[in-house]
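Down below is the structure, laid out as structure tokens.
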Amino acid sequence: METQDKLMADVTLEQAKHLLDCLEEGNIQAARETIDSLSQIREASLFCEVGKLTRQLHEALANFQLDDKIAGLAAQEIPDAKDRLNYVIETTENAANKTMDSVEQCLPISENIRDTADNLLGDWERLYRRELKPGEFRELASRVEEFLKSVGNDSTELNKLLTDVLVAQDYQDLTGQVIRKVITLVQDVEENLVDLVKMFGRTEDFKRAQNETKKVTGAEGPVIDKNRDDVLTNQDDVDDLLSSLGF
Amino acid sequence: MKILIVDDFSTMRRIVKNLLRDLGFTNTAEADDGQTALPMLQSGDFDFLVTDWNMPGMQGIDLLKSVRADPNLKDLPVLMVTAEAKREQIVEAAQAGVNGYIVKPFTAGTLKEKIDKIFERIDGN
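Quick mapping for you: the protein sequence lines, in order, are chains H and Y. Counting from 259, one number per residue, gives the positions in the first sequence under the numbering used here. Counting from 608, one number per residue, gives the positions in the second sequence under the numbering used here.
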């Protein structure tokens, strides 16, 4: 482009010198022709500018294809992400319930083992203190035998339930994969939005918004941002605050 | 001792219910937000309220305020178990008359400690 401009400047200078010569010589006809060719040069450079603008317009329009991408995000990927996140809620809830089902079945078994053992131990100590009558000893012996048998069954049952608890933790892998996909989508949306903001020349607004500290009032669920100083991070801090308030 | 557990997540209600049972409190009922809980409290003979903060419908803090404003319920001990941990929220709950405040995630030990403390104070008065 620069060499073209230089060439044009050279040609113009040459024509201008020629025009001066013609005028000094009094050759009006030749001078008029030179003026015509000079204005032709001007027209040519105007065309060249129009050409540049056309190309810029074309590029700007090509950038607007971004809109297609955003349409795709809005129409397909975001509804899909909602389904994915709902799946995470369902899966984690199911896993929590499955785990609690098993634990609730474990608790009475282990409580029964403890109670029976306590009972037997009481009578066993009576045996050592020679407080048992012969009939009572026979009864104690059969209770001990029954207990030993039941401990085997109970431990098999507990093992099965604990394995169920173990397997119920498979949600972590599944939901982890799903959430990772949603994170990628969020990043994609972010990039597109930033491009859009830039395209409309609102970079200043964007930078200002980036540095703004957003104040949230009311309930907002667990706060993940560890740098926030308006949020307490553990029970001890909560207890300290409450005791400073006279609790 | 009859206890009402209010949380919008059924799994959390179930956890609290199990922990309370382990502490010897077997008589519990559940509600999924303040709007459902308030009429239950007004018509039932509850001795203790455990509530979350962030719930659709009526939030826990508004339930607490409604309880304190009701002449029949104003002395009901209220324990908040919530993920809300902003300084201003804890101050707000304290000013509204909460008896204990537990932030999630919490342990069985914390729940026992706070409940013991609440009843110690009530018995002391």
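We put the beta carbon where it would ideally sit given N, CA and C, even for glycine. If you're wondering where the values come from, they're calculated on a predicted model, not measured in any experiment.
Think of a sphere of 8 angstroms around the beta carbon of H:Gly479: the chain Y residues whose beta carbon falls inside it are Asn661, Ala690 and Glu691, in chain order.
By alpha-carbon distance to H:Val496, the top candidate from Y:Lys721, Y:Asn634, Y:Asn679 and Y:Gly731 is Y:Lys721. The beta-carbon of Y:Val710 is placed less than 9 angstroms from the nearest beta-carbon of chain H.
By the neighbour-count criterion, in which a residue is buried when 16 or more other Cβ atoms sit within 10 angstroms of its Cβ, H:Ser297 is exposed.
Assigned with DSSP and collapsed to three states, H:Thr421 falls in helix.
Boundaries of the beta strand (DSSP E) around Y:Ile612: Lys609 to Val613. Note that the C-beta distance between Y:Thr618 and Y:Leu627 is not below 9 angstroms. Counting only Cβ-Cβ distances below 8 angstroms, Y:Val698 has contacts in chain H at Leu499 and Leu503, in chain order.
Apart from sequence neighbours up to five positions away, the residues of its chain that approach H:Phe464 with a beta-carbon distance below 8 angstroms are Val452, Val455 and Lys456, ordered along the chain. A distance of 9 angstroms or more separates the beta carbons of Y:Asn661 and H:Ala354.
Bridge pairing for Y:Leu670: absent [DSSP].
In the structure shown, H:Lys407 falls within a helical segment according to DSSP collapsed to helix, strand and coil.
By DSSP's assignment, H:Met457 forms no beta bridge with any residue. If you compare the alpha carbons of H:Ala333, H:Ser368, H:Arg396 and H:Ala320 with that of H:Ser413, the shortest gap goes to H:Ser368. Contact between the segment 381 to 394 of chain H and the segment 325 to 345 of chain H is absent, with fewer than three C-beta pairs closer than 8 angstroms.
Taking 9 angstroms as the cut-off, the beta carbon of H:Glu351 is found closer than this to the beta carbon of Y:Phe616.
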